[in-house]
Structures are given as structure tokens and as C-alpha cells.
Amino acid sequence: MEESLLRVEELHKSFGDLEVLRGVSLVLSQGRKLSIIGPSGSGKSTLLRCINYLEEPTKGHIYVNGHLVGEKLVDGRYVRMSSKELAPQRAEIGMVFQNFYLWPHLTARENVAIGPQRVRGLSKKDSLDLADMMLEKVRMARKRDEYPERLSGGQQQRVAIARALAQEPRLMLFDEPTSALDPELVGEVLKVIYELADEGRTMVLVTHEIGFAQEVSDEVIFVDKGRVAAHGPPCDVLQNPQQERLCSFLGKLLGS
Amino acid sequence: MLEFLPFDPWKAVQFSQVLLRGAIMTVQITAGALVIAIVLGLMMAVIKTSRVRVVRFLVDAYIEIFRGIPALTLLFILYFGLAYSGLQIKSVPAAILGLGLVGCATLTEVFRSGFEALHHGQREAALAVGMTPIMAMRNIILPQAVRITLPPIGNYAIGLLKDTAIVSAIAAPEIMFYARNLVTSTFDTTTIYVLAAILYFCLSFPLARIVSRLEERRRSWQ
Numbered sequence: 001m002e003e004s005l006l007r008v009e010e011l012h013k014s015f016g017d018l019e020v021l022r023g024v025s026l027v028l029s030q031g032r033k034l035s036i037i038g039p040s041g042s043g044k045s046t047l048l049r050c051i052n053y054l055e056e057p058t059k060g061h062i063y064v065n066g067h068l069v070g071e072k073l074v075d076g077r078y079v080r081m082s083s084k085e086l087a088p089q090r091a092e093i094g095m096v097f098q099n100f101y102l103w104p105h106l107t108a109r110e111n112v113a114i115g116p117q118r119v120r121g122l123s124k125k126d127s128l129d130l131a132d133m134m135l136e137k138v139r140m141a142r143k144r145d146e147y148p149e150r151l152s153g154g155q156q157q158r159v160a161i162a163r164a165l166a167q168e169p170r171l172m173l174f175d176e177p178t179s180a181l182d183p184e185l186v187g188e189v190l191k192v193i194y195e196l197a198d199e200g201r202t203m204v205l206v207t208h209e210i211g212f213a214q215e216v217s218d219e220v221i222f223v224d225k226g227r228v229a230a231h232g233p234p235c236d237v238l239q240n241p242q243q244e245r246l247c248s249f250l251g252k253l254l255g256s
Numbered sequence: 001m002l003e004f005l006p007f008d009p010w011k012a013v014q015f016s017q018v019l020l021r022g023a024i025m026t027v028q029i030t031a032g033a034l035v036i037a038i039v040l041g042l043m044m045a046v047i048k049t050s051r052v053r054v055v056r057f058l059v060d061a062y063i064e065i066f067r068g069i070p071a072l073t074l075l076f077i078l079y080f081g082l083a084y085s086g087l088q089i090k091s092v093p094a095a096i097l098g099l100g101l102v103g104c105a106t107l108t109e110v111f112r113s114g115f116e117a118l119h120h121g122q123r124e125a126a127l128a129v130g131m132t133p134i135m136a137m138r139n140i141i142l143p144q145a146v147r148i149t150l151p152p153i154g155n156y157a158i159g160l161l162k163d164t165a166i167v168s169a170i171a172a173p174e175i176m177f178y179a180r181n182l183v184t185s186t187f188d189t190t191t192i193y194v195l196a197a198i199l200y201f202c203l204s205f206p207l208a209r210i211v212s213r214l215e216e217r218r219r220s221w222q
């Protein structure tokens, strides 16, 4: 059997009385791209944030590359990891946020370099070289010495992608990477994500860009009310929707 | 020849020389108390981000207690009270410690609001690249919080400089201590206290200028 890179098992997440995820399971093999779509409040961002344990699931388990994330088995029981044990696991999962969250006190180059330097213990020179390579990849090398406040949203998001790439992650998570951008800046960010997809990276994207999801992903899941309501290749889920909720969601999104 | 002046300039020069000795001590006490307040305040603000409720409670209790006690009362306890129970602290260390302990309660709140001014996404992004919470605090949160809190710390330092006047009450030889001694021996009240005021102003004004520079700079990260 082919070992899956990402396996999510019966994931539940509640915030107080609010049940956001009600049993989500999915499997993703190495090199595959999965898009998660769904109405706002459906739990798709929470699902993504549970994968690297920025949110702790109420129930259920996450496996990346066959290893439990955020938990360990002690005498047959699941025990939460310490934050120190969790950190190296997170380092293997790159995350790109909707609002970029670049660190404003560091230049673009330092934003990318500080992770490798502090987390992986690279020398300052090596981490800066790595940062330059990653910034080159997202076409931001020219702006490497700028502080985030001097960059457009699209540029900031590209630096944020470079920062995630510098972790040399096995898995990349994108949480609505273009939702906070002005329309004219969306294209440059999507182009970079396309290129990463072409490199054969394993990616999970939460997105509202249906056209993009269709082109870039191998699989699409439609999350509705905390459950996976549809799952399949993009041509089935997006072009030939079977569920009424999915039809109306796509209809609203495409303005028809 | 200078009789039109409302004071005797020759005496004023003599008084100034005495007061200047006190000014050096004023600066030392201010600096010492500031260091204690910053170090302890920062530590307590970091501790307050802890998830352990008991720890947060202890910090809150400290802040409330020291916020509710006049600095002068605390100084008397440290200087006279402890001496009575056998622990003798000299006036200058007692002054530095007392003002530092009171200031630390103020600065804990300043640092805490500095942390809160940062979006939680800043910390999440640090965790997402694989930093531990401690690394995130050190590399991402603290550098930004310090930058944000520099102007209020500067304002606090100005207040502290002026508040050092009260430590003359426990005989720490700073500006007001010398001023009062001079008044007792010469009765030239007006000249001496006006000179003391001028001296305080000369010390605090440059600080105030630095604070407004910091406030301007804070608008940009460069």
C-alpha cells in the first residue's frame, strides 16, 4: 500500500459549544494537490489549522508522513506533545496565511532567513543564501532588503510563501492565500503557487478561487457544516456537482 | 555691582556646585531603579502570558499591591522598617530597590499592553515555521514589543527622575537632600529651590526630547 503523506482521521473541533468540524477524514498521497472549498464558517480554515496543530483538535488524529502530529502514543493512549516536541513537526509543514503575517521588524530577506537560522540551526550566511534562493523563486529577490510595510499585499504574500519554502516542508498549507489581496494582485500570487504545484509539491489549499482550484488541484473537497460533503477530482466536484448545497455554493461564487 | 538681581549670584554658584553633586546621585538612582523596573517588569509581563493560572494570579497580586502603596511608604519600610527587624539597607540601595519595585508594577502593564498590540498571527507565523513558544517570544514578539513600548518607558523614566526627589526622605544624597540641607544652613529658600527646579528640568528635558524622537520613529519600522 502506498504510504499517504497526509492522513486526517475523524477530526472533530469545537470552540465551546460551537462544533466547527464534525468528523472529517481525508488522505493525500505524496505530490498531490488538494483544494478545500466551502462557504465561510464551514470549518475549512479550522481544518487546515488543525493539520499543523495551530488549533488542537477536540477529537481525531493527524498523520504526516506516517507520523502522528501533535500527539504521541504512550501505553496505547494518545497524549498531547509538549510544544518543544511539536515545533520540529510544524517545521515540516509550511503554512501561508490569508493575512501573510510577515514580521514587520525584519526585512523580507530576514523574514525568510530567521526560521532556518533559529529552527534548523543554519549559519547566518547559509540561511541568508537560502533566503535569497527562495526569494528568487517567488521573484522577490530585488526587494529582499525592504521591510514588509514597503511591499504591496501581493509582494508580502510572495515573501510569506518564500518563508514557508525555506522550511523545506514536505507539505504546504495555503489558507486563502489571495483573499486579502486587491484583485489586480491576485494573479502574481496564484502564478507562484502554480509553479510550486508543478514542482510536484504536496499541497493543501483553502481557496475561493474556483478556476484556480480546478486547474491546480488533483482533488477537491467541499466542506459544509463541518463535514466533507463532496470529494473527488475537480472535474466531478466543480463541473458536475451532485449536491444541492454545492450547486448553490458554486452558483453564488461564480455569480450565476 | 549685581545688586539689581533678586538673588546673590555668587551664592547661587556655590549652591549649584553642591546641588550638582546631588544631581549625579539623582541620575544614578533613576538609572538603577529603571533597570530593576524594566528587567522585572519584562519578566513579569512574559510570565503573565503563561497558561498557568496560579502564576498569572501571583503577578496580578504583585501589581495590585504595589500599585496601591505610595512609594514613600515603601521606602520607609525598606529603610526604617527592615532596619528595625535587623536587616539594614543603606539609603541609596533602599531608594533604588523601592522605586524599582514600584516601577516594575507600572512597566509590567506597559509591556503587557505592548504584547497585546501585536496580532496573534505574528506568533502563529513563528510557530508555523517551527519555532518553540520561547523562540517566538524572543525572536518575534519581544523585539516588536520593545519597539512599541519604548516611548511609554521613556515617559515613565521622566516621571521616575522627578519622583527620586522623595528619596531625600530616607537621606539618599540626591538633589533635594542637598537642597534641604542648604536651606537649613542658609535660609535662602527661594534661590535654592529654584536652582533645584532648574537642575531637574535640565535633566528631564533631554529625556523628553528623546521620547518624542522615539514616538516619531515608531510610526515606521525602519
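Taken in sequence, the protein lines are chains A and B. Counting from 1, one number per residue, gives the positions in the first sequence under the working numbering. Counting from 1, one number per residue, gives the positions in the second sequence under the working numbering. The beta carbon of each residue, even a glycine, is placed where N, CA and C say it ideally should be. Small disclaimer: the values here were computed from a predicted structure and weren't measured.
Of all the options 182/A, 209/A, 217/A, 181/A, which has the alpha carbon lying nearest to the alpha carbon of residue 198/A? 217/A
Are any of the Cβ atoms in chain B nearer than 9 Å to that of residue 194/A? no
Grab me the residues of residue 174/B's own chain with a C-beta within less than 7 Å of its C-beta, minus the 5 sequence neighbours each way, in chain order. 22, 25, 26, 29, 164, 167, 168
Per-residue DSSP class, three states only, for residue 137/B: helix
Classification of residue 61/B by the beta-carbon crowding that lies within 10 angstroms, buried from 16 upward: exposed
Inter-residue Cα distance where the pair is residue 134/B and residue 185/B: 58 Å
Check whether the Cβ atoms of residue 194/A and residue 215/A sit closer than 9 Å, and answer yes or no. yes
Cβ closer than 8 Å: which chain B residues qualify as neighbours of residue 101/A? 119, 121, 122, 124, 125
To the nearest whole angstrom, what separates the beta carbons of residue 38/B and residue 153/B, a pair I think is in contact under 8 Å? 7 Å
Residue closest to residue 135/A, alpha-carbon to alpha-carbon, out of 99/A, 6/A, 100/A, 155/A: 155/A
I want to verify the contact list: residues of chain B whose CB lies under 9 Å from the CB of residue 52/A, in sequence order. 127, 128
Do residue 91/A and residue 112/A come within 9 Å of each other at the CB atom, strictly closer than that value? no
Contact between the stretch 230 to 244 of chain A and the stretch 52 to 59 of chain A (3+ Cβ pairs under 8 Å): no
Take the Cβ of residue 104/B as the centre, count every other Cβ of all protein chains shown within 10 Å, and call the residue buried at 16 or more, exposed below. buried
Given that residue 155/A touches chain B, what residues does it touch there, using C-beta distances under 7 Å? By Cβ distance, chain B contributes nothing, its closest Cβ being about 16 Å from residue 155/A, past 7 Å.
Taking residue 84/A as part of the beta strand (DSSP E), name the residues at either end of that continuous run. Run containing residue 84/A: none in the beta strand (DSSP E); it sits in the alpha helix (DSSP H), 83 to 91.
Quick one: is residue 95/A near chain B, going by C-beta distance under 9 Å? yes
Please confirm if residue 131/B has its CB atom under 9 Å from at least one CB of chain A. yes
Taking 9 Å as the CB-CB limit, is residue 176/B close to chain A? no
Beta carbon of residue 221/A, beta carbon of residue 253/A: below 9 Å? no
Take the Cβ of residue 6/A as the centre, count every other Cβ of all protein chains shown within 10 Å, and call the residue buried at 16 or more, exposed below. buried
Below 7 Å on C-beta distance, what does residue 167/A contact in chain B? 129, 130
Integer Cβ distance of residue 164/A from residue 64/A, believed to fall under 8 Å: Not confirmed; about 15 Å, so no contact.
Taking a contact to mean a Cβ-Cβ separation below 9 Å, would you say residue 189/A touches residue 158/A in this structure? yes
In chain order, what residues of the same chain lie with their CB nearer than 8 Å to the CB of residue 210/B, ignoring the 5 residues before and after it? 154
Does the beta-carbon of residue 212/B have 16 or more other beta-carbons within 10 angstroms, so that it is buried, or is it exposed? exposed
Put residue 203/A into one of helix, strand or coil per three-state DSSP. strand
Write down every uninterrupted run of the beta strand (DSSP E) in the stretch 151 to 212 of chain A whose length is 3 residues or greater and which is fully enclosed by it, in chain order. 171 to 175, 202 to 206
Supposed contact pair residue 24/A and residue 34/A - C-beta distance, whole angstroms, cut 8 Å: Not a contact, Cβ separation roughly 12 Å.
For residue 20/B, tell me which candidate among 192/B, 206/B, 75/B has the shortest Cα-Cα distance. 192/B
In three-state DSSP terms, what is residue 50/B? coil
Given that residue 139/B touches chain A, what residues does it touch there, using C-beta distances under 7 Å? 114, 118
For the stretch 96 to 165 of chain B, list the alpha helix (DSSP H) runs that are entirely contained and at least 4 residues long, ordered along the chain. 120 to 128, 133 to 136, 142 to 163
Have a look at residue 36/A and residue 201/A and give me their C-alpha separation to the nearest angstrom. 17 Å
Cβ-based burial, residue 78/A [other Cβ within 10 Å; buried from 16]: exposed
Taking all protein chains shown into account, decide if residue 169/A is buried (16 or more other Cβ within 10 angstroms of its Cβ) or exposed. buried
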